[in-house]
Amino acid sequence: MFAATGNPLRAKDICVALGTGTAAKNTESLRAKLKRLVTRDVLTELESGLFALTRPATASSPDPTPES
58 MFAATGNPLR
68 AKDICVALGT
78 GTAAKNTESL
88 RAKLKRLVTR
98 DVLTELESGL
108 FALTRPATAS
118 SPDPTPES
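Everything in the sequence shown is counted per this note's numbering, starting at 58 for the first residue and increasing by one.
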């Protein structure tokens, strides 16, 4: 979902897209899951409640050359 939009998303927007409902119990449950993904470096919380994919680390070493 994050990759498809390319933009940061809020828990409520994700709930709407998933069709899980927008009641407080739904958004707070999802927000807790999103925060867990932040601690695992999958997502980044840009500001309070605004989540985005963590940028992949760029390789510092060049690609290995194929052996002939």
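Don't be surprised by glycine CBs; every beta carbon is placed ideally from N, CA and C.
Quick caveat, the model's predicted, so the values are computed rather than measured.
Exercise. Out of K90, K69, N64, K92, state which residue places its alpha-carbon closest to the alpha-carbon of A81.
Key: If you number the sequence shown from 1, residue 81 lands on position 24. It is K69 whose Cα lies nearest to the Cα of A81.
Practice problem: State the Cα-Cα distance for the pair R112 and L91, rounded to the nearest angstrom. | Solution: The residue labelled residue 112 in the question sits at position 55 within the sequence shown. The residue labelled residue 91 in the question sits at position 34 within the sequence shown. If you take the alpha carbons of R112 and L91, they lie about 16 Å apart.
Quiz item: In angstroms, rounded to a whole number, what distance separates the CA positions of C72 and L87?
Solution: The sequence position of residue 72 within the sequence shown is 15, counting from 1. The sequence position of residue 87 within the sequence shown is 30, counting from 1. Each residue's Cα considered, the two are about 8 Å apart.
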